[in-house]
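Encoded as structure tokens, the structure appears first; notes follow it.
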Amino acid sequence: MEKNVQDVLHKPENPESGSEQEDSGFSNSEQKDDSCGEVSPPSKAAHGDFSDPVYKEIALANGVINRMTRDELRAKCTELNLDTRGVKDVLKKRLKNYYKKQKLKQSAAAGGPGDSYYDYICVVDFEATCEESNPSDFLHEIIEFPMVLIDTHTLEIVDCFQEYVKPELNPQLSDFCIELTGIAQEMVDEADIFPRVFRRVVAWLQEKELGTKYKYALLTDGSWDMSKFLYTQCRLSRIRYPQFARKWINIRKSYANYYKVARNKTKLSCMLENLGMKYEGRPHCGLDDSRNIARIAIHMLKDGCQLRVNECLYGGEPQSVPISAPLEGAPPPQRPKSRD
Numbered sequence: 001m002e003k004n005v006q007d008v009l010h011k012p013e014n015p016e017s018g019s020e021q022e023d024s025g026f027s028n029s030e031q032k033d034d035s036c037g038e039v040s041p042p043s044k045a046a047h048g049d050f051s052d053p054v055y056k057e058i059a060l061a062n063g064v065i066n067r068m069t070r071d072e073l074r075a076k077c078t079e080l081n082l083d084t085r086g087v088k089d090v091l092k093k094r095l096k097n098y099y100k101k102q103k104l105k106q107s108a109a110a111g112g113p114g115d116s117y118y119d120y121i122c123v124v125d126f127e128a129t130c131e132e133s134n135p136s137d138f139l140h141e142i143i144e145f146p147m148v149l150i151d152t153h154t155l156e157i158v159d160c161f162q163e164y165v166k167p168e169l170n171p172q173l174s175d176f177c178i179e180l181t182g183i184a185q186e187m188v189d190e191a192d193i194f195p196r197v198f199r200r201v202v203a204w205l206q207e208k209e210l211g212t213k214y215k216y217a218l219l220t221d222g223s224w225d226m227s228k229f230l231y232t233q234c235r236l237s238r239i240r241y242p243q244f245a246r247k248w249i250n251i252r253k254s255y256a257n258y259y260k261v262a263r264n265k266t267k268l269s270c271m272l273e274n275l276g277m278k279y280e281g282r283p284h285c286g287l288d289d290s291r292n293i294a295r296i297a298i299h300m301l302k303d304g305c306q307l308r309v310n311e312c313l314y315g316g317e318p319q320s321v322p323i324s325a326p327l328e329g330a331p332p333p334q335r336p337k338s339r340d
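The sequence shown begins at 1 in the UniProt record's numbering and counts up one residue at a time.
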């Protein structure tokens, strides 16, 4: 590699993974949506003072990284003890984030992002009743309620929850649903109805002191889990939609914006493949899906992405949370209340 490349991409002390301020997890169109909060002009402090000379050094490093081949990127990652898996664009992002944090640290620049705002991220991926060709008025009932808990400080999965749920509106599962999810009829027949399962979910979250001692956020693979499945199920079970689930991280949106890929490249299988990983477990098993989504989230955090809430439920529909909205954790979970 050329001498000037080595000068720019020298090996700093105490290697860590960093984060790029420019990637917020929102597209330009999403930043204009104020359905879930008032939009205020972004402050200079919120985005950093880019007049500091350190940002010129970061830009030079980014330029060098952009000209590197995939083999050079992997060699540099190996040298810095970074993960060498993933497609070329992922490797570029990883190195850029690494050098950005190191440059900010070395220059003692204020506000260099790195640590996650949340102490825990709770991944949710429901399985629900379905038909091979769902009618437009088909009401999906949750039949598996899984949760996987990520410690954002250790970047590890630390616990999980799973229960099956007995559907009441359509208690007989379709053959298509059984084959797709691997959930047998007797598994839901022997399960509790949703309100009882949900009370145990809340108790599990409360035991973790989420929303009281620790800041946390829910994370889903898309918008449907909250806006479609949970919203519909709460109405069918005649309980109020929980406050703690009104905002969440849509990892597809975060992934697309962070790694600069098209939205049609954010299926679970595509995200895993682009990060150099393979699916572990049985597809469409809610717990296995949740674990694989958690693996992606952990990988993104290691690559320097600051996962943050980017969607909310408003009027029964998912809406984008504007980038100017205050960064806050989910409220403490409470037992479900009956609807009047």
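Every residue gets a Cβ at the ideal spot worked out from N, C-alpha and C, and that includes glycine.
My output table needs one value for residue i: the three-state DSSP class, helix, strand or coil.
i: residue 288; result: helix
i: residue 220; result: strand
i: residue 298; result: helix
i: residue 199; result: helix
i: residue 144; result: strand
i: residue 87; result: coil
i: residue 249; result: strand
i: residue 268; result: helix
i: residue 178; result: helix
i: residue 254; result: helix
i: residue 241; result: coil
i: residue 132; result: coil
i: residue 57; result: helix
i: residue 101; result: helix
i: residue 127; result: strand
i: residue 151; result: strand
Considering only residues of the same chain and omitting the five flanking positions on each side of residue i, which have a CB-CB separation below 7 Å?
i: residue 317; result: 227
i: residue 84; result: 74, 77 and 78
i: residue 294; result: 123, 148, 150 and 157
i: residue 184; result: 178
i: residue 222; result: 250 and 252
Do residue i and residue j have their C-beta atoms within less than 8 Å of each other?
i: residue 121; j: residue 245; result: no
i: residue 152; j: residue 119; result: yes
i: residue 211; j: residue 333; result: yes
i: residue 167; j: residue 188; result: yes
i: residue 241; j: residue 231; result: yes
i: residue 284; j: residue 182; result: yes
i: residue 117; j: residue 215; result: yes
i: residue 243; j: residue 331; result: yes
i: residue 162; j: residue 327; result: no
Taking the beta strand (DSSP E) that residue i belongs to, which residues open and close that run?
i: residue 277; result: Taken as a continuous stretch (DSSP letters only), residue 277 belongs to no beta strand (DSSP E), as it is neither H nor E.
i: residue 320; result: 317-320
i: residue 341; result: No answer is possible for residue 341: the residues shown for the chain start at 1 and end at 340.
i: residue 313; result: 311-314
i: residue 123; result: 120-124
Can you say whether residue i is buried or exposed, counting buried as having 16 or more other CB atoms within 10 angstroms of its CB?
i: residue 158; result: exposed
i: residue 342; result: The question about residue 342 has no answer here: the residues shown for the chain are numbered 1 through 340.
i: residue 71; result: exposed
i: residue 308; result: buried
i: residue 213; result: exposed
i: residue 144; result: buried
i: residue 320; result: buried
i: residue 41; result: Residue placement at residue 41 cannot be trusted, given a pLDDT of 32 that sits under 50; what the coordinates show is reported in the next sentence. Residue 41 is exposed by the Cβ-count criterion.
For the alpha helix (DSSP H) containing residue i, name the first residue and the last one.
i: residue 233; result: 231-236
i: residue 75; result: 70-79
i: residue 261; result: Run containing residue 261: none; DSSP gives neither H nor E here.
i: residue 189; result: 185-189
Grab me the residues of residue i's own chain with a C-beta within less than 6 Å of its C-beta, minus the 5 sequence neighbours each way, in chain order.
i: residue 296; result: 271
i: residue 247; result: 309 and 312
i: residue 99; result: 61
Looking only at its chain, what residues have a beta carbon closer than 8 Å to the beta carbon of residue i, apart from the 5 residues adjacent to it on each side?
i: residue 66; result: 92
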